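Colleague: After the structure tokens below, expect a handful of questions from me.
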Amino acid sequence: MKKTIILFIILFIFSLFVKLPKYRELNHLKIIDKVIVYCDYNLLREVIPKRDDNGIEYEYKYYKEKKINKSKYFIDKSKMIYKCKK
Amino acid sequence: MEVINNIKKLLYPSKDYIFDEVIIKDKHINIIYNEVLSDTKSINDYILFRLSKLKLEEFNHLEDNLYACNVLVINESDIVNYLNNGFAIIIYKKIYAVELRSSLDRGITTIQSELSLSGPKDAFSESFNTNLGLIRRRIKSNYLKSETMDIGKVSKTKIGVLYIDNIVKKDLVRHVLKQLNKIDIDGIIDSSYLKNSLENKFNLFPTLIMTERPDKCSMALLEGKIVILVDTSPYAIILPSFFIDFFHTTDDYFQKSFNASFIRIIRLIAFLIAIFVPGLYIAITTRNYNLVPLDLLLVLKAGRTFVPFPAYIEAIFMIICFEILKESDLRMSVVSGSAISILGGLILGDAAVAAGIVSPIMIIIIAISSIAGLIFSSIELSNAIRTYKIFILILGSIFGIYGVILGGIIILFNLLTTETFGYNYLSFDKNEIKDSIIKIDTRIRKRNTKLSKNIIRGKYR
Numbered sequence: 003m004k005k006t007i008i009l010f011i012i013l014f015i016f017s018l019f020v021k022l023p024k025y026r027e028l029n030h031l032k033i034i035d036k037v038i039v040y041c042d043y044n045l046l047r048e049v050i051p052k053r054d055d056n057g058i059e060y061e062y063k064y065y066k067e068k069k070i071n072k073s074k075y076f077i078d079k080s081k082m083i084y085k086c087k088k
Numbered sequence: 003m004e005v006i007n008n009i010k011k012l013l014y015p016s017k018d019y020i021f022d023e024v025i026i027k028d029k030h031i032n033i034i035y036n037e038v039l040s041d042t043k044s045i046n047d048y049i050l051f052r053l054s055k056l057k058l059e060e061f062n063h064l065e066d067n068l069y070a071c072n073v074l075v076i077n078e079s080d081i082v083n084y085l086n087n088g089f090a091i092i093i094y095k096k097i098y099a100v101e102l103r104s105s106l107d108r109g110i111t112t113i114q115s116e117l118s119l120s121g122p123k124d125a126f127s128e129s130f131n132t133n134l135g136l137i138r139r140r141i142k143s144n145y146l147k148s149e150t151m152d153i154g155k156v157s158k159t160k161i162g163v164l165y166i167d168n169i170v171k172k173d174l175v176r177h178v179l180k181q182l183n184k185i186d187i188d189g190i191i192d193s194s195y196l197k198n199s200l201e202n203k204f205n206l207f208p209t210l211i212m213t214e215r216p217d218k219c220s221m222a223l224l225e226g227k228i229v230i231l232v233d234t235s236p237y238a239i240i241l242p243s244f245f246i247d248f249f250h251t252t253d254d255y256f257q258k259s260f261n262a263s264f265i266r267i268i269r270l271i272a273f274l275i276a277i278f279v280p281g282l283y284i285a286i287t288t289r290n291y292n293l294v295p296l297d298l299l300l301v302l303k304a305g306r307t308f309v310p311f312p313a314y315i316e317a318i319f320m321i322i323c324f325e326i327l328k329e330s331d332l333r334m335s336v337v338s339g340s341a342i343s344i345l346g347g348l349i350l351g352d353a354a355v356a357a358g359i360v361s362p363i364m365i366i367i368i369a370i371s372s373i374a375g376l377i378f379s380s381i382e383l384s385n386a387i388r389t390y391k392i393f394i395l396i397l398g399s400i401f402g403i404y405g406v407i408l409g410g411i412i413i414l415f416n417l418l419t420t421e422t423f424g425y426n427y428l429s430f431d432k433n434e435i436k437d438s439i440i441k442i443d444t445r446i447r448k449r450n451t452k453l454s455k456n457i458i459r460g461k462y463r
């Protein structure tokens with residue numbers, strides 16, 4: 003019993019230092035597969051997959067944003083294209 | 003006769019107890035038997051026939067002159083007990099009990115639950131004597147001891163504790179007998195009733211194996227373990243059982259070591275899949291989606307497009323449906339079996355996905371984890387896996403990957419701190435390493451040093 007209590011205390015203390023990611027359902031997650039960084043603004047392309055009888059089809063939406071709010075989107079960092087040399 | 007009247011009062015109003023009086027050579031002999039438990043044909047063909055051939059002076063010592071396998075002189079207080087064990091009671095000056103049991107079991111049949119590709123196929127039945135005989139056929143040694151006792155105030159069920167005297171540790175035998183003697187219960191109907199006194203109630207992982215295979219019991223006895231047989235139960239108990247024992251089957255010893263090792267590794271992978279996969283999937287798709295490649299994430303998102311429920315609700319719903327299907331498959335009759343299986347598969351599979359209630363990937367995840375959990379023949383281990391699966395799922399949905407790791411630590415902690423009859427549940431003895439997850443053929447096979455004082459199991463030349 004003692005060992006169990008000590009284990010739970012240690013795990014609880016450890017959990018205070020671990021930053022838990024936010025809960026977000028896939029349905030509410032915006033997946034950004036391309037980001038073009040200009041000097042004044044950023045152009046984001048959201049990909050929306052849709053399933054039908056032929057397989058998966060992709061729709062694209064474009065957003066213009068001054069600042070990229072990473073908590074709002076899921077961004078594939080390898081797809082960021084920088085068009086502004088600062 | 004006073005004895006007869008007393009017995010009649012005790013057994014009234016049961017009509018299956020027969021009270022007979024025969025007169026042979028002017029001697030009044032009373033015979034009492036139960037027409038269901040005793041073999042009435044043998045009473046007529048043997049007892050009455052033999053009594054009619056006896057000389058007058060031989061009637062005074064029937065125990066020497068009735069050439070049955072078992073004729074005992076008993077007291078009046080033991081009459082009912084012997085009657086209920088299938089003995090016929092003869093009362094003439096003394097009280098004799100003659101063993102003439104009728105065969106009320108189904109005989110030796112094939113194994114139902116722990117199938118094997120090669121090896122013996124005979125299984126235990128509900129008769130204690132038959133089960134003991136099946137083990138004694140395999141271990142023809144005078145060191146194989148069987149200590150019997152009657153447990154249950156009303157049922158008086160016969161329990162046998164078997165061990166090999168020159169292999170097992172005596173402390174273990176004493177501990178088991180002490181635990182069994184503490185049982186104070188009205189009746190034992192099955193061997194699983196003994197689990198309450200032999201196992202730790204609060205631990206989900208089983209610490210003893212229940213088996214219907216006599217070859218498995220014989221192997222366990224040769225390893226220094228104890229086997230408990232219960233009359234009217236086709237399942238024997240093997241103890242102490244360690245965590246690694248649930249990954250071994252008798253088939254492993256009937257095939258090449260490489261194949262056996264491969265299958266054992268598959269079983270370990272199945273154990274991990276059964277517990278962790280649903281929780282990992284929920285964690286990755288709700289909190290830690292950075293771990294998933296983009297292409298896979300798009301496929302998962304496409305599958306969940308029209309699903310109205312959160313992922314963890316969907317997972318719990320699917321687990322419940324699968325358990326309902328499994329339970330109904332066990333309970334329903336053979337006649338309606340295939341129709342309900344098709345209905346269940348169609349409803350849970352195709353129709354639920356088409357209606358948008360669940361996503362196809364969730365069905366695959368839950369199906370793979372549930373089927374992986376059924377790879378073990380021990381029902382208790384399968385139930386423990388199911389419970390921990392739901393526990394990891396909840397932790398994964400609340401804390402993400404950290405929760406899954408947390409759950410893994412808790413399970414490992416549980417395994418490491420569990421003890422089975424004084425031995426560590428998750429421990430490897432250096433002699434048993436070559437027969438644990440992998441199986442290596444060696445010239446000398448050694449026993450677990452913790453279980454046995456006699457280490458060398460065999461030498462192959």
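Protein sequences, first through last, are from chains A and B.
Every position in the first sequence, counted from 1, becomes a number in our numbering once 2 is added.
Every position in the second sequence, counted from 1, becomes a number in our numbering once 2 is added.
Cβ atoms here follow ideal geometry from the backbone N, Cα and C, with glycine treated the same way.
No experiment lies behind these values; they were computed from the predicted model shown.
#1: So with Cβ pairs under 8 Å, would you call Tyr-291(B) a contact of chain A?
#2: For chain B, check one thing: does any of its Cβ atoms lie closer than 8 Å to the Cβ of Ile-58(A)?
#3: Can you give me the C-alpha to C-alpha distance between Lys-432(B) and Ser-438(B), rounded to a whole angstrom?
#4: For chain A, find out if any of its Cβ atoms is closer than 8 Å to the Cβ of Tyr-427(B); answer yes or no.
#5: Assign Ala-99(B) to one of three DSSP states: helix, strand, or coil.
#6: Spatial neighbours of Gly-346(B) within its chain, please: C-beta separation below 7 Å, excluding the five flanking residues on both sides.
#7: For the beta strand (DSSP E) that Ala-276(B) lies in, which residues bound it at each end?
#8: DSSP state of Asn-32(B), grouped into three classes?
#9: What in chain A is Cβ-close to Pro-280(B), meaning under 9 Å?
#10: Could you name the residues of the segment 293 to 323 of chain B whose beta carbon sits closer than 8 Å to any beta carbon of chain A, in the order they occur along the chain?
#11: So, helix, strand or coil for Phe-244(B), using DSSP?
#12: Go ahead and label Glu-225(B) buried or exposed: buried means 16 or more other beta carbons lie within 10 angstroms of its beta carbon, across all protein chains shown.
#13: Pairing CB atoms from the segment 372 to 380 of chain B with CB atoms from the segment 183 to 202 of chain B, are three or more of them under 8 Å?
#14: Could you please tell me which residues of the segment 18 to 40 of chain A, in chain order, have their CB closer than 8 Å to any CB of chain B?
#15: For Lys-91(A), return the contacting residues in chain B, with the cut-off set at a CB-CB distance below 9 Å.
#16: Assuming Val-38(B) and Asp-18(B) make a contact with CB atoms under 8 Å, what is their CB distance in whole Å?
#17: Pick from Tyr-40(A), Asn-71(A), Glu-27(A): whose alpha carbon is nearest that of Thr-287(B)?
#18: Can you give me the C-alpha to C-alpha distance between Tyr-255(B) and Glu-149(B), rounded to a whole angstrom?
#19: Mind checking which residues open and close the beta strand (DSSP E) that includes Met-82(A)?
#20: Buried or exposed: where does Pro-51(A) fall if 16 or more other Cβ atoms within 10 Å of its Cβ makes it buried?
#21: Can you check whether the C-beta of Asp-78(A) is within less than 8 Å of a C-beta belonging to chain B?
#22: Name, please, each residue of chain A whose Cβ falls closer than 9 Å to the Cβ of Gly-402(B).
#23: With 8 Å as the threshold, decide whether the Cβ of Leu-408(B) is near any Cβ in chain A.
#24: When you compare the CB of Leu-46(A) with every CB in chain B, is at least one pair closer than 8 Å?
#25: Given that Lys-5(A) touches chain B, what residues does it touch there, using C-beta distances under 7 Å?
#26: Under 9 Å between beta-carbons, which chain A residues line up against Phe-415(B)? List them in chain order, please.
#27: Roughly how many angstroms separate the alpha carbons of Arg-53(A) and Tyr-60(A), rounded to a whole number?
#28: Check whether the segment 389 to 397 of chain B and the segment 290 to 305 of chain B are in contact - that is, three or more C-beta pairs closer than 8 Å.
#29: Shorter than 8 Å from the beta carbon of Thr-111(B) to some beta carbon of chain A?
#30: Contact defined as beta carbons within less than 8 Å: I believe Phe-244(B) pairs with Ser-380(B). What is the distance between those atoms, to the nearest angstrom?
#31: Mind checking Lys-391(B): buried by the 16 CB within 10 Å criterion, or exposed?
#32: Closer than 7 Å by beta-carbon distance: list the chain A residues that pair up with Thr-287(B), in chain order.
#33: Leaving out five residues before and five after Leu-53(B) in sequence, what residues of the same chain have Cβ atoms less than 6 Å from its Cβ?
#34: Looking only at C-alpha atoms, which of Ala-304(B), Leu-418(B), Leu-348(B) sits nearest to Asn-56(A)?
#35: How many Å lie between Tyr-98(B) and Ile-442(B) at the Cα?
#36: Could you round the C-beta distance between Asn-8(B) and Ile-93(B) to whole angstroms and report it? I think they count as a contact, below 8 Å.
Modeller: Per the coordinate set shown:
#1: yes
#2: yes
#3: 10 Å
#4: No, Tyr-427(B) lies away from the interface with chain A (no Cβ there is under 8 Å from its Cβ).
#5: strand
#6: Leu-327
#7: Run containing Ala-276(B): none in the beta strand (DSSP E); it sits in the alpha helix (DSSP H), 259 to 288.
#8: strand
#9: What Pro-280(B) touches in chain A: nothing, since even the nearest Cβ is about 16 Å away.
#10: Leu-296, Leu-299, Leu-300, Val-301, Leu-302, Lys-303, Ala-304, Gly-305, Arg-306, Thr-307, Val-309, Pro-312, Ala-313
#11: coil
#12: buried
#13: no
#14: Val-20, Leu-22, Pro-23, Lys-24, Tyr-25, Arg-26, Glu-27, Leu-28, Asn-29, Leu-31, Ile-33, Asp-35
#15: Nothing can be reported for residue 91(A): it is not among the residues displayed for chain A, which extend from 3 to 88.
#16: 5 Å
#17: Glu-27(A)
#18: 29 Å
#19: Looking at the DSSP string, the run of the beta strand (DSSP E) that includes Met-82(A) is 82 to 84.
#20: buried
#21: Taking Cβ atoms only, chain B reaches closer than 8 Å to Asp-78(A), which makes this a yes.
#22: Leu-22, Pro-23, Tyr-25
#23: Closer than 8 Å: yes.
#24: no
#25: Thr-419
#26: Lys-5, Thr-6, Leu-9
#27: 9 Å
#28: no
#29: Put simply, the CB of Thr-111(B) is far from chain A, with every gap to its CB atoms at 8 Å or more.
#30: Between Ser-380(B) and Phe-244(B) the Cβ distance is about 12 Å, and since that is not below 8 Å, they are no contact.
#31: buried
#32: Scanning chain A for C-beta atoms nearer than 7 Å to the C-beta of Thr-287(B) yields Leu-28, reported in chain order.
#33: The answer, listed in chain order, is Ile-26.
#34: Cα-wise, what sits closest to Asn-56(A) is Ala-304(B).
#35: 58 Å
#36: Between Asn-8(B) and Ile-93(B) the beta-carbon gap is near 11 Å, outside 8 Å, which marks them as no contact.
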